[in-house]
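For the sequence shown, the numbering used here gives the first residue as 1, with consecutive numbering after it. Data block below; observations after.
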Amino acid sequence: MDSQATERDRRDATEDEVKTLPHVVDSIPIVVWIALVAGALEIFTYYAVTAPWQNYMQNDRDGIEVPGVLGLVQATATNISNAFSFFSFIAPLPFAVLSDARIGKYKTLCISFILNTCGFIVLFVTLLPVVTQVSIKTFGLAFAMVLLGLGTGGIKATVSPFIAAMKESLRNLQSSMELQAGYTVRAAIRLAEKAKSLASHPKITAFGKANNLSFVEVPDITCDGTYDEATKNITYVIHLASPLSSPFLDPQTGIYQPTIKSASTLLVSASKESSVKKIEITAETRLIAQPVETFDSMLPAYRAGKITSLNITEKCIKEREPSSTVINIFSGFVFGRDDRALEAGGNSRP
1 MDSQATERDR RDATEDEVKT LPHVVDSIPI VVWIALVAGA LEIFTYYAVT
51 APWQNYMQND RDGIEVPGVL GLVQATATNI SNAFSFFSFI APLPFAVLSD
101 ARIGKYKTLC ISFILNTCGF IVLFVTLLPV VTQVSIKTFG LAFAMVLLGL
151 GTGGIKATVS PFIAAMKESL RNLQSSMELQ AGYTVRAAIR LAEKAKSLAS
201 HPKITAFGKA NNLSFVEVPD ITCDGTYDEA TKNITYVIHL ASPLSSPFLD
251 PQTGIYQPTI KSASTLLVSA SKESSVKKIE ITAETRLIAQ PVETFDSMLP
301 AYRAGKITSL NITEKCIKER EPSSTVINIF SGFVFGRDDR ALEAGGNSRP
């Protein structure tokens, strides 16, 4: 990839794009605000409660220094405080496993807040002046520390992932960002029977814009001109993935060549249409490497095909100088749920 291509991909939006492209404004759901406020309050109460602990444990009630309660002297009080800090920092580990592998983030977060609340109640009750026995106050402090350490650990492990997961799950209920923004989407499919299942998917119908979605059957992606009909009167073209039907295909004819042709034929067809303003071709960051000359399995063939597709794309831009903008996107990671999934499960639980 030459420097000119890199500068072109990093350019600022043109005035025409700023005027014509829709400005999609996202919103923060109320459930996310509740989680944010609850997390902030937990941090506030944590420091409000733990800050006086040193004096509470170190001094006794009748001492000449600032009055405390337990009179455990400085060394003991400091050791207990440090032990509690260490406990609260390692507590997120088991809660993270519990959240991701067992009961989910929401239930883990609820349990953590309950533990925290119980710890505050125990500490408050045993601090009351009517409780005069030092042994009860000592037991109350120790029990409260265990509850607060567990509760704090659980909240630390789950509140931020819960907010991110909740925001993403609510966004996925609104179908794709293209339909959400009001676009009319035309999807190219290889099998006609796939159109019905995709159009009736709950994450498409939930947003109420199924009529904005249409399909064009492209049974053979290796034929020249196969995308001509699909790109007619289209404004934006996105090439998301090479549609490989089976991992048991011949690497050369079933993977390498279709991977190249699926991108190159789409690029040529889109370049013919004057209505097309932008073409996006996606790949992965791990594909930025030198292509291998021979391959005997699926993954090397797929990588080689993607690298060759990138080279063909850059060559086509130089030779044809299309009026539309061509962008190659290399994603390192894709965060979020699988839009094909109808139910949460495994590590994708909210």
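C-beta: ideal position from N, C-alpha, C; glycine also.
- As computed with DSSP, F215 is found in a beta bridge with A187.
- Taking a C-beta distance under 9 Å as the contact criterion, S324 and K277 qualify as a contact pair.
- Assignment of alpha helix (DSSP H) within the region 88-161, counting only whole runs of 4 or more residues, yields 92-98, 105-127 in chain order.
- In the structure shown, N59 adopts coil according to DSSP, grouped into three states.
- Put simply, the backbone Cα of R303 is about 54 Å away from that of S81.
- L310 sits in a helix when the DSSP states are folded into three classes.
- Nearest in C-alpha terms to Y183, of all of S160, G153, S214, I155, is S214.
- The residue among A230, S200, Y56 with its C-alpha nearest the C-alpha of R190 is A230.
- Contact between G104 and T126 is absent: CB atoms are separated by about 34 Å, not below the 8 Å threshold.
- Per DSSP, the beta-bridge partners of L70 are D60.
- The region 101-121 makes no contact with the region 69-85, as fewer than three CB pairs between them are under 8 Å.
- For Y227, there is no enclosing beta strand (DSSP E), as DSSP gives it neither H nor E.
- T265 and V18 have their alpha carbons spaced roughly 29 Å apart.
- When DSSP states are grouped into helix, strand and coil, V37 belongs to the helix group.
- Y56 and E42 have their C-alpha atoms roughly 21 Å apart.
- With contacts defined by Cβ atoms closer than 9 Å, Y256 and A301 form a contacting pair.
- By the neighbour-count criterion, in which 16 or more other beta carbons inside 10 Å mark a residue as buried, S274 falls on the exposed side.
- Look at T45 here: in three-state DSSP terms it is helix.
- Distance from the CA of V268 to the CA of L299, rounded to the nearest whole angstrom, comes to 26 Å.
- Under the 8 Å Cβ criterion, the region 59-72 does not count as touching the region 85-92, having fewer than three qualifying pairs.
- Residue pairing by DSSP places E280 opposite I238, I327 in a beta bridge.
- In the DSSP assignment, T265 falls within the unbroken alpha helix (DSSP H) covering 257-272.
- Distance check between P52 and each of V37, V69, L36 places V69 closest, using alpha-carbon atoms only.
- The Cβ atoms of S99 and P29 do not sit closer than 9 Å to each other.
- Excluding five sequence positions before and after K156, the CB atoms of its chain that fall closer than 6 Å to its own CB belong to P92, given in chain order.
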